[in-house]
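Sequential numbering from 0 applies to the sequence shown in numbering that gives the first Met the number 0.
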Amino acid sequence: MQKSLLFLGALTIFMMGYWVPEDRHVPVEGAKPYDWNPASFWYVGGQNAQKGINIFARKGTSVEASTSGLVVYRDTDANGDKSVYVLGSKWRVHHYANMGEVDVIPGTWVRTGEKIGTVGTPKGTKASSRPANLYYSIRSLPPQVSELEPAKPFWLDRVFYVDPHKFLTEYQASDTGMLKAATAATAKNEPARH
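#1: Which stretch, first to last residue, makes up the beta strand (DSSP E) that contains F40?
#2: Assign P121 to buried or exposed, taking buried as 16 or more other Cβ atoms, counted over all protein chains shown, within 10 Å of its Cβ.
#3: Could you pull out every residue in the same chain whose Cβ sits closer than 7 Å to the Cβ of E28, ignoring the five residues on either side in sequence?
#4: Under a Cβ-count criterion, where at least 16 other Cβ atoms within 10 Å of its own Cβ denotes burial, should D76 be classed as buried or exposed?
#5: If I'm right that P142 touches G51 with Cβ under 8 Å, what's the distance once you round it to whole angstroms?
#6: Considering only DSSP beta bridges, list what F55 is partnered with.
#7: Determine the direct distance from the alpha carbon of V71 to that of G106, and round the result to whole angstroms.
#8: Spatial neighbours of K58 within its chain, please: C-beta separation below 7 Å, excluding the five flanking residues on both sides.
#9: Measuring straight from C-alpha to C-alpha, what distance separates K165 and L4?
#10: Got a sec? Which residues, its chain only, sit under 7 Å from G79 by beta carbon, not counting five neighbours each side?
#11: What's the gap between the Cα of S88 and the Cα of L10?
#12: From E148, K114, F6, R91, pick the residue whose C-alpha is nearest to that of L140; which is it?
#13: State the start and end residues of the unbroken beta strand (DSSP E) segment that holds T117.
See the structure below:
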């Protein structure tokens, strides 16, 4: 009986992660889809694959939470790159890297669109010539079985990552933008309806 209650409690907590609403917001102030390359997600170069996108902006531009969540980790690596990890709904960890400044600490709750830091420049020998950008990736803690494609490189890793371009453009909350409606209207040469 006690094991059943424990299992039921754990299952309830897990399912609550899917019940939390998920608003979406482009994480760099003023950025539009042309500020990143959607094809860079899963770009394979050598033995590594790009698991996110680089959103290009001027150094010092505000970085904003792409969705509400709990700040679970903040890091400055050996090269001086600063990053933040936010656990959002659906048990997705949103990773913001190449930051100039970080304005949040682990254990705090951030809301969609809230400033969490600023855009910086990548550090290290290979990245030193790159322009300022925010590296943004989304890791899904439970595997996404629908993304399982054994014929593709890194096929097993793919089930744990969400395409940031699709996440940011296929759905927009009503108060964070009319991107989808505006894009559809432009394709038809009509004004966007709000």
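Glycine residues also receive a C-beta, built at the ideal position from the N, C-alpha and C atoms.
On the basis of the data shown:
#1: As a working mapping, residue 40 is identified with position 41 in the sequence shown. Segment: none, F40 is in no beta strand (DSSP E) and carries neither H nor E.
#2: Here the question's residue 121 lines up with position 122 in the sequence shown. The residue is buried, with at least 16 neighbouring Cβ atoms inside 10 Å.
#3: Residue numbering aside, residue 28 sits at position 29 when the sequence shown is read from its first letter. So the qualifying residues of the chain are T60, S61, E63.
#4: As a first step, residue 76 must be located in the sequence shown, where it is residue number 77. So D76 counts as exposed.
#5: In the sequence shown, the residue the question calls residue 142 occupies position 143. In the sequence shown, the residue the question calls residue 51 occupies position 52. That belief does not hold up - the Cβ atoms of P142 and G51 are roughly 18 Å apart, past 8 Å.
#6: Within the sequence shown, numbered from 1, the residue matching residue 55 stands at position 56. The partner list for F55 (beta bridge, DSSP) reads N132.
#7: If you number the sequence shown from 1, residue 106 lands on position 107. If you number the sequence shown from 1, residue 71 lands on position 72. Their Cα atoms are separated by approximately 6 Å.
#8: As a working note, residue 58 is residue 59 in the sequence shown. Around K58: G99, V118, G119, T120, A131.
#9: For the purposes of this step, residue 165 is taken as residue 166 along the sequence shown, with counting starting at 1. For the purposes of this step, residue 4 is taken as residue 5 along the sequence shown, with counting starting at 1. Taking the straight line from one Cα to the other gives about 38 Å.
#10: The count along the sequence shown starts at 1 and reaches residue 79 at position 80. Closer than 7 Å at the Cβ level, and outside the excluded window around G79, lie K122.
#11: For this step, residue 88 is matched to residue 89 along the sequence shown. For this step, residue 10 is matched to residue 11 along the sequence shown. Approximately 15 Å, taken between the alpha carbons.
#12: Translated into positions along the sequence shown, residue 140 becomes position 141. Taking only the C-alpha atoms, the option nearest L140 is R91.
#13: For the purposes of this step, residue 117 is identified with residue 118 of the sequence shown, where counting begins at 1. Its beta strand (DSSP E) spans residues 114-118.
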